[in-house]
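To convert, count from 1 in the sequence shown and add 166; that's the numbering used here.
Structure, as C-alpha cells:
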Amino acid sequence: MAMPTLRIIGFILGIFLITLAVGMIVPMLALLAFERKDDLQPFIWAGLITLLTGLTLVLPGRPAHIHLRPRDMYFLTTISWLVVCCFAALPMMLIQHISYTDAFFETMSGITTTGSTVLTGLDSTSPALLMWRSMLQWLGGIGFIGMAVAILPLLRVGGMRLFQTESSDWSEKVMPRSHMVAKYIVGIYVVFTLAAILAFWLAGMKPFDALNLAMASVSTGGFSTSDSSMGKFSPASHWIAIFFMVLGSLPFTLYVAMLRGQRMAMLKDHQVHGFLIILLAISLLFSLWYWQHSQESLPDAIRIATFNVVSVVSTTGFALGDYSQWGNFAFMTFFYLTFIGGCSGSTSGGLKVFRFQVAYALLKANLKQLVHPRAVIRQQYNGHALDEEIVRSILTFSFFFTVTIALLALCLTLLGLDPITALTGAATAVCNVGPGLGPIIGPAGNFAPLPDLAKWLLSLGMLLGRLEIITVLVLLTSSFWKH
C-alpha cells in the first residue's frame, strides 16, 4: 500500500482509539457512583494508553485528496476491529487480573456481539467492568450496522449487493445524504436502547441492570450482569428482552425508510417476513414440545421456549437455564438454530435469513427448469434480479462459512477438546451466538476452561463471522498486496 493510503488509514484508526478512550469515562463514572474507587486507576491507565496512541496516529494529519479504494476498505475494516479490540482489552486485564488472552477473548466477544465469556462471579464483579462489557457490545452492534449498510454492499461481500439500493445508494431511496442516514440509524439505535432501559426498569430491574441488559438486548450481544444470565430477572423482563432482541434483528435501514414516510417498508420486505415467520413457527412448535416434556405450565413453557429460541436465532445468547439438558431433540434443535441469524443490516450474526431465502428461490427455479427445459425463468428476490454475480457471491460466502466452522472445529479437537465442545464452540463463534452446547461451554458454563490457543482460534472465528469472512480472507491473497 502507498504511504498516503497508510496515513489515512492510521488517521481513521486514531479517531477510533480516541473515541474508545473517551468511552472509558462512562465506566469510571459508574465506579464513582458505586464508590468503588479502587478500580479507577486501571481504567485511567488504560484510557491514557489508548488516548496517547490515538493522538499519535491522528497528529500527522489527514492526507488531502486521497480516497480509499475497495481494496483499502477491506484492510481498514479488518484492522480497525482488531486494533480497537487490542486496546479495549486493557481495562479487563488490569481490573480482573486475568491474562491478556482471556481479556482479548472477552473483548472480541463483546465487540463482535457474540456474548461468549470467560468470566464467572458476575454478580459481584466490578460495576465498571460490567458496564465496559455492555458498552463494547453496544458499540460493536452499531458499528456492524454501519458496516453492513455502507461498506459490505459496496464491496459485494456475500450477496450484500442485494441491499445496495436500500442501503448504499442513499441518493434516491432513503435520503439525499449518506451522513444523514447514519445519524438516523444512530438515533434509532439510541431510542431503542433508552426504551429498553425504561421497560426493564419498570419490570423491576435495578437501574444498573436495566442499563446493561438494554445495551445487550438491542445489540443482540447477550452479556449479562449475572451468572444466571436472564434467569435472575422477572418473567416480564424476559418478554421485554424478546421484543428488543427482535427489534435489533431487523434491518435498520427499513426503520429509517419508515421514518421518511415509507410506512409499509418493513411489512413489504421479504427478509423480514421470513425472519418473523421462522421465529413464530419454531417458537410455537418448540413451546408445545417443551410443555409436553417438562413440568412447566403452558404459559411458562411458551415464555421459556420462546425466549431461548429468539435468543439463539437472533444470535444474542441470553439463556434461561441450560437448554442443552432438555434432551437430544432440544440439543439438535438449538444447534441448528445457531446458524440462522437475523436480517441483513441488523446487529445479529449468523448466515442471515436472506441467504436461506435466496437458496430456496434458486431451488424452485432449478426445479421448474427441469420440468420446462426451454423456459426462461427470471430469478428474483425482494424485487432484485438474482444475477450471476450475486448468486456466485452468496454461494462463495456460504461455502467458506461452512468450511471455516469445520476447520475451526477440527483445530479445536487437535487441542484436546471433545467433539461436541469443538463443533458447537466453532459454530457459536463464527455465527456470533455466544454459548455453545455441552457441559463446558453450554448455557450453564463458560469458555474459561479452554486452552489459550483455543481462545485465540475462537476469537479469530468471531472476527471472521462478524466481518462476513470474505472481507478478511481477501487479505490473505497475494493479489491483494500487489500494486
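Don't be surprised by glycine CBs; every beta carbon is placed ideally from N, CA and C.
Alpha carbons only, please: which of the options is nearest the one belonging to residue i?
i	options	result
Ala551	Gln535, Ala531, Ser415	Ala531
Thr391	Ala380, Phe505, Thr472	Ala380
Asp204	Leu360, Pro417, Gln262	Gln262
Phe209	Ala187, Thr219, Leu218	Ala187
Leu619	Arg632, His459, Leu183, Asp268	Asp268
Gly508	Ala254, Val412, Thr594, Gly189	Val412
Arg322	Pro465, Ile184, Glu554	Glu554
Gly515	Ala314, His459, Lys434, Leu536	Ala314
Ile184	Val249, Lys648, Thr279	Val249
Leu624	Thr219, Thr278, Thr216	Thr278
Pro293	Ala431, Glu462, Lys372, Phe495	Lys372
Pro465	Val479, Tyr526, Ala402	Ala402
Leu225	Arg173, Leu197, Leu285, His404	Arg173
Phe500	Thr291, Cys597, Gly627, Phe271	Cys597
Thr504	Pro170, Leu574, Thr481, Arg299	Thr481
Thr570	Met628, Leu328, Met424, Ile444	Met628
Leu583	Phe565, Ala610, Phe563, Lys621	Lys621
Pro617	Thr587, Cys251, Leu641, Leu630	Thr587
Does DSSP classify residue i as helix, strand or coil?
i	result
Gln546	strand
Ala255	coil
Ala614	coil
Ala471	helix
Ala541	coil
Ala485	coil
Ala551	strand
Val323	coil
Met190	coil
Glu634	coil
Asn494	helix
Ile606	coil
Ile261	helix
Leu641	helix
Gly508	coil
Gln461	coil
Gly287	coil
Asp584	coil
Cys597	coil
Gly309	helix
Gly591	helix
Ser579	The amino acid occupying residue 579 in the given sequence is Thr; Ser does not appear at that position. Of the three classes helix, strand and coil, the one that applies to Thr579 here is helix, per DSSP.
Leu517	coil
Gly180	helix
Gly281	coil
Lys648	coil
Ser333	In this prediction, Ser333 scores a pLDDT of 39, lower than 50, which makes its location untrustworthy; the coordinate-derived value is nonetheless stated afterwards. Here Ser333 sits in helix by DSSP.
Ser559	helix
Ser625	helix
Thr185	helix
Ser292	coil
Quick check: the Cα distance between residue i and residue j, rounded to an integer number of angstroms?
i	j	result
Ser449	Asn612	25 angstroms
Leu221	Gly180	6 angstroms
Gly213	Pro193	11 angstroms
Ile506	Ile560	15 angstroms
Tyr502	Gly176	41 angstroms
Ile191	Leu364	23 angstroms
Val524	Arg429	25 angstroms
Leu256	Thr643	31 angstroms
Val340	Tyr421	Here the model assigns Val340 a pLDDT of 39, short of 50, so the residue's position is not dependable and the matter cannot be decided.
Gly388	Gly281	5 angstroms
Gln437	Ser415	11 angstroms
Phe410	Trp647	42 angstroms
Cys577	Ala592	9 angstroms
Lys349	Ala382	21 angstroms
Met274	Gly306	10 angstroms
Val599	Gln545	32 angstroms
Ser490	Ile543	44 angstroms
Leu454	His404	18 angstroms
Ile245	Gly440	34 angstroms
Phe182	Gly487	37 angstroms
Ala471	Ala369	20 angstroms
Lys434	Leu195	44 angstroms
Ala485	Leu260	29 angstroms
Leu295	Tyr547	44 angstroms
Leu630	Ile556	20 angstroms
Ala431	Ala423	7 angstroms
Under the assumption that residue i contacts residue j (Cβ atoms under 8 angstroms), give the Cβ distance between them as a whole number of angstroms.
i	j	result
Ile606	Gly324	With 8 angstroms as the limit, Ile606 and Gly324 do not qualify as a contact, their Cβ atoms being about 31 angstroms apart.
Phe418	Ile351	5 angstroms
Ile311	Ser512	7 angstroms
> What alpha helix (DSSP H) runs, 4 residues minimum, are completely inside the region 364 to 452?
Replying inline: 373 to 384, 401 to 414, 418 to 425, 431 to 434
> Unbroken alpha helix (DSSP H) runs of length 4 or more, entirely within the region 197 to 242: which are they?
Replying inline: 206 to 224
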